[in-house]
Amino acid sequence: MGISHDGKGEWEAVLNDGFLKAKNNDKMEFYLMWANHTHTAYIDYTESDKNNYYWKGQVDFDTFDEFTDHVVKDCFSRLNYYRIENKLL
């Protein structure tokens, strides 16, 4: 899918190939956090040029649509997806 870090998708492998494929993944509640901001040098105190960025966070609509379909189907439908007052977090 390639949803994170300039379309490279490193982090989603942790979800897809790690947690979702784990034999005991039903033993804990979980939730996902979406952050699609660009990681800039603004938070790096050692970088004098705050316009530099480390990776882009934006994705196009088709990529976002594909990923949200995946999350709804493979995460939100799970009984151990965290809820508050029966509402998905």
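Quick note: the sequence shown uses numbering that gives the first Met the number 0, first residue 0, plus one each step.
Note that the Cβ used here is the ideal one computed from N, Cα and C, for glycine as well.
All values derive from a computational prediction rather than experimental measurement.
Nearest neighbour of residue i, chosen from the options [CA to CA]
i	options	result
Gln57	Glu84, Ile83 and Thr39	Thr39
Asn35	Asn85, Phe60, Tyr81 and Asn23	Phe60
Phe63	Lys20, Phe75 and Trp33	Trp33
Cβ-Cβ separation, residue j to residue i (assumed contact under 8 Å), whole Å
i	j	result
Val70	Leu31	6 Å
Lys49	Thr37	Actually they do not touch by this definition, with Cβ atoms about 12 Å apart.
Where residue i falls: helix, strand or coil (DSSP)
i	result
Lys72	helix
Leu14	helix
Lys55	coil
Thr37	coil
inquiry  = Check whether the stretch 75-87 and the stretch 11-29 are in contact - that is, three or more C-beta pairs closer than 8 Å.
reply    = Because the criterion of three Cβ pairs below 8 Å is met, the stretch 75-87 and the stretch 11-29 touch.
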